[in-house]
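Asks: Okay, here's the structure, questions in a sec.
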Amino acid sequence: GLRDCCRSIRIGKILVESDADTHEAKVVYAKFPDDIADRKVLLMYPIM
Numbered sequence: 001g002l003r004d005c006c007r008s009i010r011i012g013k014i015l016v017e018s019d020a021d022t023h024e025a026k027v028v029y030a031k032f033p034d035d036i037a038d039r040k041v042l043l044m045y046p047i048m
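The sequence shown begins at 1 in the UniProt record's numbering and counts up by one.
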């Protein structure tokens, strides 16, 4: 995985689901490093 090649990076996670009625995106879970505003962010979309 990404951490195997880049051990010094900080990782945050976000889970977004689509509302069944409105189909709008809803953040279900989010956890980011405290200093995320000072960092560059790489957003990855996993397909399982």
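Ideal Cβ placement from N, Cα and C applies to all residues, glycine included. Since the structure is predicted, the reported quantities are computational estimates derived from the model, not experimental observations.
#1: Would you report the Cα separation of Asp21 and Ile47, rounded to the nearest angstrom?
#2: Name the two residues that bound the continuous beta strand (DSSP E) containing Leu43.
#3: I need the boundaries of the alpha helix (DSSP H) containing Asp19, first residue and last residue.
Replies: Let's see:
#1: Roughly 23 Å between the two C-alpha positions.
#2: Neither: Leu43 is in no beta strand (DSSP E) and is coded neither H nor E.
#3: If you look at Asp19, you'll find it isn't in any alpha helix (DSSP H); DSSP assigns it neither H nor E.
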